[in-house]
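Have a look at the structure below before the remarks.
Below, the structure is given as structure tokens:
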């Protein structure tokens, strides 16, 4: 797979998406390495607790620890990133996680106070 290049990183006319994935804690290292391998320049990771398809009936409150990964990416890289996350986090078992992709209405760089997405 081709890596992100400087033109893609700096092309101000691109449409950007927010990719949010909730993955099993044990899959996080594999997800991170997979994203680094395809050249994703940065991610944010949050520890979260919740329940969904796989409820833990043996714990009080059913809550399960997971990791939430957030990536901001150009539209033309979104499918590649989603596939990398799915491939890395997939075990075929309940609790592998979910991924949501949302378009960004605006995207700014705080350092230089410029809008990135126009």
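Residue numbers (this note's numbering): 83 to 200. The C-beta atom is built at its ideal place from N, Cα and C for all residues, glycine as well.
Contact belief for residue i with residue j at Cβ below 8 Å, rounded distance in angstroms
i	j	result
residue 148	residue 105	7 Å
residue 98	residue 154	6 Å
Under 8 Å between C-beta atoms of residue i and residue j
i	j	result
residue 135	residue 96	no
residue 120	residue 170	no
Residue i: first and last residue of the uninterrupted alpha helix (DSSP H) it sits in
i	result
residue 116	110-119
residue 180	No alpha helix (DSSP H) holds residue 180; the beta strand (DSSP E) holding it covers 179-185.
residue 162	157-171
Exposure of residue i, with buried meaning 16 or more beta-carbon neighbours within 10 Å
i	result
residue 179	buried
residue 163	buried
residue 83	Because residue 83 carries a pLDDT of 41, less than 50, the predicted location of this residue cannot be relied on, and the following value inherits that uncertainty. Exposed: under 16 other Cβ atoms inside 10 Å.
residue 177	buried
residue 117	buried
residue 200	exposed
Three-state class that DSSP yields for residue i in the structure shown
i	result
residue 200	coil
residue 94	With a pLDDT of 45 at residue 94, under the threshold of 50, the modelled position of this residue cannot be trusted; read the value that follows with caution. If DSSP states are grouped into helix, strand and coil, residue 94 belongs with coil.
residue 122	coil
residue 133	coil
Residue span of the beta strand (DSSP E) that contains residue i, given as start and end
i	result
residue 100	98-106
Any non-hydrogen atom of the ligand PLP closer than 7 Å to residue i Cβ
i	result
residue 153	Summarising the ligand content, the structure contains no ligands, and the ligand PLP is consequently not present.
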